[in-house]
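> Quick note: the sequence shown, position 344, residue 390 per the working numbering, numbers continuous.
Ideal Cβ positions, reconstructed from N, Cα and C, are used throughout, including at glycine.
None of these values were measured; they are calculated from a predicted model.
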Amino acid sequence: RVELLQPRGEAAVAMLHCAAVVFCGSAEGLAPLLEHAHPCAALCPVGNLPALWFPLRSLEKAGFRHALVVVAGDQAAIAVSKWLSESYKGPVQTEVVDVPVDLDTAEVLRSVEERVRGQPDLLFLAGTHISALSLVDLLVFHREQARTAVTAAFSAAKQLPADAKEKPEAADFLVGLDAARTQLLLFAPKAPAAARELKVGAKLLRGPRAVTIRTDLADASCYLFNTAALMSVLRAKEGMQSLKLDVLPYLVRNQYLPLDDQPDGFGASVNGAAAGECVGLGGAFDKTPPPTRRCAAYVIDDHMPKGEEVLGACVVVSSIQSYTDANSLVAGEAAVHLTPYTLSQYNNVVHPSVDIGSRTTIGASCIVGSGSRIGDRNSIKKSVIGRDCAIGNGVKVINSVVMDHVTLDDFCVIQNCIVCSGAHLHEKANLRDCQVASQVTVPAGAEMKGEAIGDASAFL
Numbered sequence: 047r048v049e050l051l052q053p054r055g056e057a058a059v060a061m062l063h064c065a066a067v068v069f070c071g072s073a074e075g076l077a078p079l080l081e082h083a084h085p086c087a088a089l090c091p092v093g094n095l096p097a098l099w100f101p102l103r104s105l106e107k108a109g110f111r112h113a114l115v116v117v118a119g120d121q122a123a124i125a126v127s128k129w130l131s132e133s134y135k136g137p138v139q140t141e142v143v144d145v146p147v148d149l150d151t152a153e154v155l156r157s158v159e160e161r162v163r164g165q166p167d168l169l170f171l172a173g174t175h176i177s178a179l180s181l182v183d184l185l186v187f188h189r190e191q192a193r194t195a196v197t198a199a200f201s202a203a204k205q206l207p208a209d210a211k212e213k214p215e216a217a218d219f220l221v222g223l224d225a226a227r228t229q230l231l232l233f234a235p236k237a238p239a240a241a242r243e244l245k246v247g248a249k250l251l252r253g254p255r256a257v258t259i260r261t262d263l264a265d266a267s268c269y270l271f272n273t274a275a276l277m278s279v280l281r282a283k284e285g286m287q288s289l290k291l292d293v294l295p296y297l298v299r300n301q302y303l304p305l306d307d308q309p310d311g312f313g314a315s316v317n318g319a320a321a322g323e324c325v326g327l328g329g330a331f332d333k334t335p336p337p338t339r340r341c342a343a344y345v346i347d348d349h350m351p352k353g354e355e356v357l358g359a360c361v362v363v364s365s366i367q368s369y370t371d372a373n374s375l376v377a378g379e380a381a382v383h384l385t386p387y388t389l390s391q392y393n394n395v396v397h398p399s400v401d402i403g404s405r406t407t408i409g410a411s412c413i414v415g416s417g418s419r420i421g422d423r424n425s426i427k428k429s430v431i432g433r434d435c436a437i438g439n440g441v442k443v444i445n446s447v448v449m450d451h452v453t454l455d456d457f458c459v460i461q462n463c464i465v466c467s468g469a470h471l472h473e474k475a476n477l478r479d480c481q482v483a484s485q486v487t488v489p490a491g492a493e494m495k496g497e498a499i500g501d502a503s504a505f506l
């Protein structure tokens, strides 16, 4: 039995040194959303907040006071630095580090090794990770068994409400768990959705007596590593580029190797305890049998209190679908847990400065930003409206995201759309399943379905 010798909560994390790296990578799958106002995915507005606000808020709640914000690309790094210095008001002190656009996650951690050296553990978090995951609980889970690596995952099938028409993005890896459903025994990223055969190695069969195979999980882009063990692997395996595709599968495969066969430093002490000992928050406990270094999966859904399963939802913004899912998540039931907003009696968030005309309805799971003007006889359902938007009369907005400074003239209809900053839809424009880039003008009466409208040439 492992007893925690330090209290849980913010005080515990403050005492336990852990480096935090928030990675704002490029996301080609978000075109045409990425433009001069949002040069990287982490600055794209989700519920009228930059996506980066959400992982920083998770760090705040866990008691972190410092984070490295690693940004891919010079221009993106300048934009992130500007937002952090001018708009971010939280207690986390941030240091922005720019890296080449083509660096993958493992290469990113190599580039900041000097900055994280000396910290016993390292938290890696995507700059577009949005969830109610408690990083305190994740750290406790990581240290109770002196684990080398923990990957956070979530059930892809539980991301949207039962009445949602959109399909969630598919699970993106296949994992095998022990009888307690925590230790990673098999990790296969990018596993086929309908694999007919599954080959299990002899080493795995000689280890645990029971293996649970899960095919419904998706990567939360949140990892915890023992810093010394991770860096020793990255130094020994210079060809590794991705944490998910290279490092984690390697660590899982080598759990049962004797310490003498591990890469240099891989069997080093963890949190000051001797190799082979189980370490909790306060020190060393009884020695445990192999594996010599444990890898584990922390399934966010499984750790949520009964009746609050909605808090198990997680989105990592990297595509048009996930961006839409993220806005649906923060505008829905989880809004009070994920955002600084307070829900109205109608289960929506409408800024007090919004001017609303007569016979206009704004339904549940909607967010409307400050300074927006909404005319008469409009219907807004399950949508996010940005700041300083101008919406005419007889307009319908359904399951859509409308960014700042957008104009929707009379009798426009948009459904399942994303309309970027400064765009102008003239009267009676009818768009369905479309993405409209920044500053684009859609002519009157245009009818389009399933289009990415990057400029006016789409209407020629």
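(1) Hey, Asp371 and Phe200 are a contact pair by Cβ (cut 8 Å); roughly how many whole angstroms apart?
(2) The ligand SAM and Thr388: does the residue's C-beta get closer than 8 Å to at least one heavy atom of that ligand?
(3) Give the DSSP-derived three-state secondary structure of Asp209 in the structure shown.
(4) Can you name, in chain order, every residue of its own chain whose Cβ lies under 6 Å from the Cβ of Ala498, other than the five neighbours on each side?
(5) Can you give me the C-alpha to C-alpha distance between Gly468 and Ala380, rounded to a whole angstrom?
(6) According to DSSP, is Pro146 helix, strand or coil?
(7) Determine the burial state of Arg405: buried for a count of at least 16 other Cβ atoms within 10 Å of its Cβ, exposed for fewer.
(8) In angstroms, rounded to a whole number, what distance separates the CA positions of Asp120 and Lys283?
(9) For a test of the three-state rule: what should DSSP assign to Met494, helix, strand or coil?
(10) Check the DSSP bridge columns for Ala225 and list the partner residues they point to.
(11) How long is the line joining the alpha carbons of Ser131 and Val138, rounded to whole angstroms?
(12) Quick one: residues in its chain with C-beta nearer than 8 Å to the C-beta of Pro335, no 5 flanking neighbours on either side, listed in chain order?
(13) Could you check what DSSP says for Pro295 in three-state terms: helix, strand or coil?
(14) Tell me, please, which residues DSSP counts as bridged to Lys427.
(15) Please check if any C-beta of chain C sits within less than 9 Å of the C-beta of Ala410.
(16) Give the DSSP-derived three-state secondary structure of Asp434 in the structure shown.
(17) Classify Lys428: buried if its beta carbon has 16 or more other beta carbons within 10 angstroms, exposed otherwise.
(18) Less than 6 Å between C-beta atoms, sequence neighbours within five positions excluded: which residues of the same chain meet that for Val257?
(19) Please list, in chain order, all residues of the same chain as Val441 whose beta carbon is under 6 Å from its beta carbon, the five residues on each side excluded.
(20) Kindly list the residues whose CB is nearer than 6 Å to the CB of Thr385, restricted to its own chain and excluding five residues on each side of it in sequence; keep chain order.
(21) Between the alpha carbons of Ile124 and Gly136, how many angstroms are there, rounded?
(22) To the nearest angstrom, report how far apart Glu190 and Ala342 are at their CA atoms.
(23) So the candidates are Ala113, Val145, Leu114; which of them puts its Cα closest to the Cα of Ala122?
(24) Hey, out of Leu76, Asp148, Val158, Leu179, whose CA is closest to Ala108's CA?
(25) Would you check if the distance between the CB atom of Phe271 and the CB atom of Ser177 is smaller than 9 Å?
(26) Using the Cα positions of Arg193 and Pro351, report the straight-line distance between them to the nearest angstrom.
(27) Output the residue ranges of the beta strand (DSSP E) runs that lie fully inside the region 72-124 and measure 3 residues or longer, sorted by chain position.
(28) Take the Cβ of Lys290 as the centre, count every other Cβ of all protein chains shown within 10 Å, and call the residue buried at 16 or more, exposed below.
(29) Can you tell me where the alpha helix (DSSP H) with Asp371 in it begins and where it stops?
(30) Within the region 151-210, note down every full alpha helix (DSSP H) run reaching 4 residues or more, in order along the chain.
(31) Alpha carbon to alpha carbon, what distance is there between Leu471 and Thr487?
(32) Along the chain, where does the alpha helix (DSSP H) containing Val279 start, and where does it finish?
(33) Using DSSP bridges, identify the partner residues of Asn476.
So, from the data block:
(1) Rounded, the Cβ-Cβ distance is 12 Å, inconsistent with contact.
(2) Annotation note on the ligand SAM: not contained in the displayed structure, which lists no ligands.
(3) Note on Asp209: pLDDT 47, under 50, position unreliable in the model; no value is reported.
(4) Pro78, Gln481
(5) 29 Å
(6) Three-state DSSP puts Pro146 in coil, outside helix and strand.
(7) exposed
(8) 28 Å
(9) strand
(10) None, per the DSSP bridge assignment.
(11) When rounded, the distance between both Cα atoms is 12 Å.
(12) Because Pro335 sits at a pLDDT of 40, beneath the cut-off of 50, its placement in the model cannot be relied upon, and the point is left open.
(13) helix
(14) Ile444
(15) Structure shown: chain C not included; a single protein chain is present.
(16) In the structure shown, Asp434 sits in coil (DSSP, three-state: anything other than H, G, I, E or B).
(17) buried
(18) Gly222, Leu231
(19) These residues qualify, in order along the chain: Asn424, Leu454, Cys458.
(20) Gly93, Val376
(21) 19 Å
(22) 11 Å
(23) Minimum Cα distance to Ala122 is reached at Val145.
(24) The shortest C-alpha to C-alpha distance from Ala108 to any of Leu76, Asp148, Val158, Leu179 is the one to Leu179.
(25) no
(26) The straight-line gap from Cα to Cα measures roughly 24 Å.
(27) Taken in chain order, the complete beta strand (DSSP E) segments of 3 residues or longer contained in the region 72-124 are 112-118.
(28) That one is buried.
(29) 366-377
(30) 151-157, 159-162, 181-190
(31) 6 Å
(32) 273-282
(33) Partner(s): Val459, Glu493.
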